[in-house]
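Participant: Line by line, the protein sequences are chains A and B. Using the numbering used here, read the first sequence as starting at 1 and increasing by one per residue. Using the numbering used here, read the second sequence as starting at 822 and increasing by one per residue.
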Amino acid sequence: MASDKKQPDGQKFALESAKQQALWQREFQQIVADVQGQALGPNWTANSSPRNIGLPLPRNDVLYKVRGTARYAANISMDGMLYGRFVRSQEPHARILNIDVSAATQAPGVHAILTADEIPQDRLLVGTHDNDTPILAKDRVRYVGEPIVAIVAESVEQAQQACDLVEVEYESLPVIFTPEEAIIVGAYQIDAEAEGNIITEHRHDVGDVDAAFAAADIVLENTFTTEPIDHCFLEAQAGLAFVDSGGTLNLLVSTQYPHFHHEQLARVTGLPMEKIRVIQTVVGGAFGGKIDDTIECASCLLALKTSRPVSMTLTREEVFIATTKRHRLKFRQKLAATKEGHLTALELDILCDGGAYRSYSRVVAGRCVVHAGMPYRFPNLRVHFMTAFTNHVPSGSMRSFGVVKMAFALESHLTELAAKIGISPIEIRKRNGFVDGDVISTGQVLQDVGLLKTLAEIEPIYERRKRELAGVHGQGQMNPGRKRGLGVACLGYGIGYSGIRNPSTARLAVSADGFVTAFCGTPDIGTGSDMALTQIAAEALDIDLGRLRVVSGDSTKTDDSGPTSASRTTYFSGNAVCLASEDFKRQFCTAVAEKTGCLPAQVRIDNDRVIVQNEPLAFEQACRLIADDVDAIVGYGKFDPDIEIDISTYQGNAYPTYTYGTHLVEIEVDEELGSVDVVRYWAAHDGGVIVNPIGAEGQVEGGIVQGLGMALWEKIVRQEGFIVNPHYRDYLLPGAMDIPGELSVWFVETYDRTGPFGAKGLAEASIIPTPGAIAGAISNAVGVWPRGIPMESEKILELMGHYSADAAKSATVKGQPREPR
Amino acid sequence: MSVDISLRVNGAEHRLAVEPTETLVNVLRNRLGMTGTHKDCTMGICGACTILLNGQPVSSCLLLACQADGEAIRTIEGLERDGALSLLQEAFLRYGAVQCGFCTPGFLMIAVALLEKNPKPDRNEIIDALKGNLCRCTGYTKIVDAIEFVANN
Chain A
1 MASDKKQPDG QKFALESAKQ QALWQREFQQ IVADVQGQAL GPNWTANSSP RNIGLPLPRN
61 DVLYKVRGTA RYAANISMDG MLYGRFVRSQ EPHARILNID VSAATQAPGV HAILTADEIP
121 QDRLLVGTHD NDTPILAKDR VRYVGEPIVA IVAESVEQAQ QACDLVEVEY ESLPVIFTPE
181 EAIIVGAYQI DAEAEGNIIT EHRHDVGDVD AAFAAADIVL ENTFTTEPID HCFLEAQAGL
241 AFVDSGGTLN LLVSTQYPHF HHEQLARVTG LPMEKIRVIQ TVVGGAFGGK IDDTIECASC
301 LLALKTSRPV SMTLTREEVF IATTKRHRLK FRQKLAATKE GHLTALELDI LCDGGAYRSY
361 SRVVAGRCVV HAGMPYRFPN LRVHFMTAFT NHVPSGSMRS FGVVKMAFAL ESHLTELAAK
421 IGISPIEIRK RNGFVDGDVI STGQVLQDVG LLKTLAEIEP IYERRKRELA GVHGQGQMNP
481 GRKRGLGVAC LGYGIGYSGI RNPSTARLAV SADGFVTAFC GTPDIGTGSD MALTQIAAEA
541 LDIDLGRLRV VSGDSTKTDD SGPTSASRTT YFSGNAVCLA SEDFKRQFCT AVAEKTGCLP
601 AQVRIDNDRV IVQNEPLAFE QACRLIADDV DAIVGYGKFD PDIEIDISTY QGNAYPTYTY
661 GTHLVEIEVD EELGSVDVVR YWAAHDGGVI VNPIGAEGQV EGGIVQGLGM ALWEKIVRQE
721 GFIVNPHYRD YLLPGAMDIP GELSVWFVET YDRTGPFGAK GLAEASIIPT PGAIAGAISN
781 AVGVWPRGIP MESEKILELM GHYSADAAKS ATVKGQPREP R
Chain B
822 MSVDISLRVN GAEHRLAVEP TETLVNVLRN RLGMTGTHKD CTMGICGACT ILLNGQPVSS
882 CLLLACQADG EAIRTIEGLE RDGALSLLQE AFLRYGAVQC GFCTPGFLMI AVALLEKNPK
942 PDRNEIIDAL KGNLCRCTGY TKIVDAIEFV ANN
């Protein structure tokens, strides 16, 4: 880290500080211009079509990404910047008796050491929904990896060396590693506010479940488990904090939610809101893992303390050990049906490991409760969902907020039910799947439901492959020792936050040279949402795509419109852009009318021209005409659908719209190894009108492959509170070798009448059916039902009666290292 | 104690003094400002830091800078010709092979190495070449599609 460069010593540095400050100011402005310029354009994408929706246009940001010039946070450096590292807890639960930083203070290159003692108690705690997580642990640590001290030095190595010199004296406290232990009466209370260690508990009861079970022809009941998994975005959390000469605290950071950090930083630093600016850098993947505080508050406090730019980047190991994970669940599911295959009741009892702090636990719970049974009609439904504190790293949000885990169990039972009554797994879903006019468990009436269309798309493929495979099996042509199977699963998923209003806003401004800038509150986290919003804006304004720029990741230039999460950006911000476009056109046409002496009604924008009393002007010509007035034109749109659920009854409108889909998978199980190869995969989705097909396909394909990883291999393994596989070496991600040889994605023709140009949203959804579809396929192939994910080969062998975990443990060979995937 | 080395990066010679323990990825990123080569796992597994050393793809996080003394190195910054995207870069862009883009430099360099060795790889050969690189966003399919397009053109 620039260790060859001689840094000025302290005194010299102070003397030069005015000069240095001016240099930094220029440097920083250039960086911001660079970062935002990459997102801005002007859009270089050539689009000769008069239409913008439904075209597979390449994205603006990708140009920089393929050149290697994209401004990720860790790629940004400033002259004389310092590097921060954390000292982290080595205890799962302990009182901190003493923190000795004396040796670290003397270590070479160290500029500042921050401990919780320096942060006033009322500013110490941060969090998304509850401010319960200390920026640095104070008297107690609750999990291994919790940050205790932050140190900045002139290089990363020096900062790390100083961290290694810090001595923390602990007194061990009782540890709790499972939610079952956490809720035992008399268990050590991990959080002062949470009696019984309960983070959140929900009950939802519809109809008469007991009567339905008593009257049922068929009842299925099993316990399902899921393991914690990591987001594994390839770019670790990173940021650069800088206090400029005007005293404004700037943070350039890889995040899903700049406004969240802005608000938290104001509270934590005591600075007024207008003295803070959070700018999103190019984000190297997030999937729900970049909406909590990690390096943000600490790096800003250190920048304020040292008056120097401070850069912090987590290591991969830190991402594994100390950032949020997908919740570990254990749940009992009981399902009732008639012998004709009509679902009559569902009962779920769910217990969740929330980890040491709250993070998104409540959000995950709320979404899972509303999604219980989706996308099928259950006249009777009972859910009990409980999340408890443990001494593990906090569980947080991750793609689909837990719905994928519920779907694993539900789709398994549906397929099992179909087999029991002798109908196809497609047929059981057709008989019970949501259609227009159905009422979900919250009382909300559904419209624009495309589920059956996705089933209809998949059904002929299923029937064809079933016939072909029967032929192969019949003739004995399959590889000996390998069995093929088909699995089907569906999804239904609500767009946006669960049961609370979550508006998004957009502003549209125009320049005299004919460029329009859309300011949107929800940032692009690598999914291409800026491109989708560009296409929506171009369509709504009816101007050329090349005129549009998007500013979406700057907390001072946009309203707080919530995070880019919950598949909400295309739908919520797209609608806001549409509303802003109407407002913009009104103002714009009025301005042109005034200049040309006609009525506003005689001016309209049409196919990149401005028609004034039937006379066409080029758009930029019209802009030049109103050059003096363009600054006053700001089209504003706020999209705030009426979403509200009464938490005591779970009744109300949960989401403004829902996305649907059906997946079909063909797998091959090795009967000797228990390993599963995914051979073919078909996915049909209802995402409303698709704004950008290549982007949408990419979301679906990526979600499926994440789903494969979750279904078959991925799990965080812990021993006594320590994560023992915090590396890709031991935490197995799907690689190029694991993708199905055939992977087809369709979007069925649907139109959402509440969406921007009929669009819904679909980014998270494609992960949801994957584990359930694979479970069904395993059962179809070898006749066993794995009830836990990941469905590892050992488990499958054990279910097949070919393997005993106890015998393997006592054997001398302790399991074979996996080949690199 | 530092070591004087010379690195030929994308045809340009750089003479510099490095610590014996400095990795090549750190030298490229921090000394030469070539941040197009990304760093993630630092264990040679994710492939984000893949560069070409004398035409062979290597993880620059596992190589000491002094081990590359005098050798020819190619990075993503060297792919454009006279400011124009290479066909491979263009294909990644058009085929949607890039989402968050953090893994992209590594995939591009692997693809360059593959196509130089085997200009007409079939789909299985492409997939085989990519097995040392991780991508969490795309599900790989569109990356394979993009490389296949270049192989066929």
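Backbone N, C-alpha and C fix where the C-beta goes; we use that ideal spot for every residue, glycine too. Since we're looking at a predicted model, the values are computed, not measured.
Assuming I605 of chain A and D542 of chain A make a contact with CB atoms under 8 Å, what is their CB distance in whole Å?
Facilitator: Contact holds; Cβ gap of about 5 Å.
Participant: Quick check on the burial criterion: 16 or more other C-beta atoms within 10 angstroms. Buried or exposed for V488 of chain A?
Facilitator: By the neighbour-count rule (16 or more Cβ atoms within 10 Å), V488 of chain A is buried.
Participant: By a C-beta neighbour count over all protein chains shown, 10 Å radius and 16 as the cutoff for buried, is G10 of chain A buried or exposed?
Facilitator: Residue placement at G10 of chain A is flagged as unreliable, the pLDDT there being 48, under the threshold of 50; a coordinate-derived value is accordingly withheld.
Participant: Please decide whether P841 of chain B counts as near chain A, where near means a Cβ-Cβ distance under 8 Å.
Facilitator: So, not an interface residue.
Participant: With 8 Å as the threshold, decide whether the Cβ of P108 of chain A is near any Cβ in chain B.
Facilitator: With 8 Å as the cut-off, P108 of chain A does not count as an interface residue toward chain B.
Participant: Determine the direct distance from the alpha carbon of G772 of chain A to that of V472 of chain A, and round the result to whole angstroms.
Facilitator: Each residue's Cα considered, the two are about 25 Å apart.
Participant: Name the one or two DSSP bridge partners that H835 of chain B has.
Facilitator: H835 of chain B pairs with B:L828.
Participant: DSSP has W682 of chain A in a bridge; who is on the other side?
Facilitator: Paired residue(s): A:L664, A:S744.
Participant: DSSP state of L579 of chain A, grouped into three classes?
Facilitator: Three-state result, L579 of chain A: helix.
Participant: With the cut-off set at 8 Å, would you say N197 of chain A and A215 of chain A are in Cβ contact?
Facilitator: Result no, Cβ atoms of N197 of chain A and A215 of chain A do not sit closer than 8 Å.
Participant: Express the C-alpha separation of C867 of chain B and A356 of chain A in angstroms, rounding to a whole number.
Facilitator: Taking the straight line joining both Cα atoms gives about 29 Å.
Participant: Would you kindly work out how many angstroms separate the C-alpha atoms of L452 of chain A and F434 of chain A, rounded to a whole number?
Facilitator: Going from the Cα of L452 of chain A to the Cα of F434 of chain A covers about 8 Å.
Participant: Residues of chain A with CB under 7 Å from A886 of chain B, in chain order?
Facilitator: Ordered by position in chain A, no residue passes the 7 Å Cβ test against A886 of chain B, which lies about 11 Å from the chain.
Participant: Which residues in the same chain as D825 of chain B place their Cβ atom closer than 6 Å to its Cβ, once the five residues preceding and following it in sequence are excluded?
Facilitator: Contacts found: A838.
Participant: If you reduce the DSSP assignment to three classes, tell me which class H111 of chain A lands in.
Facilitator: Residue state, collapsed to three classes: strand.
Participant: Find the nearest neighbour of E892 of chain B within the set B:I931, B:P940, B:R836, judged by alpha-carbon distance.
Facilitator: If we check each option's Cα against that of E892 of chain B, B:R836 comes out closest.
Participant: Counting only runs of 3+ residues fully inside the stretch 280-356 of chain A, write out the beta strand (DSSP E) ranges in chain order.
Facilitator: With a minimum length of 3 residues, the continuous beta strand (DSSP E) runs that stay inside the stretch 280-356 of chain A are 310-313, 328-337, 343-355.
Participant: Are there 16 or more other CB atoms within 10 angstroms of the CB of R382 of chain A, so buried, or fewer, so exposed?
Facilitator: Label assigned to R382 of chain A: buried.
Participant: Could you spell out the range, first to last residue, of the beta strand (DSSP E) harbouring I148 of chain A?
Facilitator: Start and end: 147-153.
Participant: Just confirm the distance between the C-beta atoms of M406 of chain A and A372 of chain A, as a whole number of angstroms; I'd bet it's less than 8 Å.
Facilitator: Between A372 of chain A and M406 of chain A the Cβ distance is about 7 Å, and since that is below 8 Å, they are a contact.
Participant: Which of the three DSSP states, helix, strand or coil, is assigned to F515 of chain A?
Facilitator: It is coil, neither helix nor strand.
Participant: So which of A:H231, A:V370, A:L417 has the shortest CA-CA distance to D646 of chain A?
Facilitator: Here the closest residue by C-alpha is A:V370.
Participant: If F242 of chain A and A150 of chain A are in contact, beta carbons under 8 Å, what's the gap, nearest whole angstrom?
Facilitator: Rounded, the Cβ-Cβ distance is 16 Å, inconsistent with contact.
Participant: Can you give me the C-alpha to C-alpha distance between T225 of chain A and R328 of chain A, rounded to a whole angstrom?
Facilitator: Going from the Cα of T225 of chain A to the Cα of R328 of chain A covers about 8 Å.
Participant: Within this structure, are the beta carbons of I83 of chain A and S155 of chain A separated by less than 8 Å?
Facilitator: Here the sequence assigns Tyr to residue 83 of chain A, which means Ile is not the residue at that position. Against a cut-off of 8 Å, the Cβ pair of S155 of chain A and Y83 of chain A comes out as a contact.
Participant: Taking 8 Å as the limit between beta carbons, can you name the residues of its chain near L909 of chain B, skipping five residues before and five after?
Facilitator: The answer, listed in chain order, is L900, L929, A932, V933, L936, A967, I968, V971.
Participant: Taking 8 Å as the threshold (beta carbon to beta carbon), is C623 of chain A in contact with chain B?
Facilitator: Output row for C623 of chain A: interface = no.
Participant: Any contact between the stretch 688-698 of chain A and the stretch 664-672 of chain A? By contact I mean 3 or more CB pairs, one from each, below 8 Å.
Facilitator: As far as the Cβ criterion goes, the stretch 688-698 of chain A does not touch the stretch 664-672 of chain A, which means the pair count is below three.
Participant: Tell me which residue opens and which closes the alpha helix (DSSP H) that K941 of chain B is part of.
Facilitator: No alpha helix (DSSP H) holds K941 of chain B; DSSP gives it neither H nor E.
Participant: Of all the options A:S567, A:D61, A:G741, which has the alpha carbon lying nearest to the alpha carbon of L497 of chain A?
Facilitator: It is worth fixing the name first, because residue 497 of chain A is Tyr in this sequence and not Leu. Comparing Cα-Cα distances from Y497 of chain A to each of A:S567, A:D61, A:G741, the minimum goes to A:S567.
Participant: Determine, using beta carbons only, whether D861 of chain B comes closer than 8 Å to chain A.
Facilitator: Output row for D861 of chain B: interface = yes.
Participant: Along the chain, where does the alpha helix (DSSP H) containing I964 of chain B start, and where does it finish?
Facilitator: I964 of chain B -> alpha helix (DSSP H) spans 962-972.
Participant: For L929 of chain B, go through chain A and note every residue whose CB falls closer than 9 Å to its CB, in chain order.
Facilitator: Under the 9 Å cutoff, chain A gives V66, G68.
Participant: Going by other Cβ atoms of all chains shown within 10 Å of its Cβ, with 16 needed for buried, is V724 of chain A buried or exposed?
Facilitator: Exposed: under 16 other Cβ atoms inside 10 Å.
Participant: Need the endpoints of the alpha helix (DSSP H) that F385 of chain A sits in, please.
Facilitator: Per DSSP, F385 of chain A belongs to no alpha helix (DSSP H); it is in the beta strand (DSSP E), 380-389.
Participant: Check whether the stretch 679-694 of chain A touches the stretch 53-64 of chain A, counting contact only when three or more Cβ pairs, one atom from each stretch, lie closer than 8 Å.
Facilitator: The stretch 679-694 of chain A vs the stretch 53-64 of chain A: in contact.
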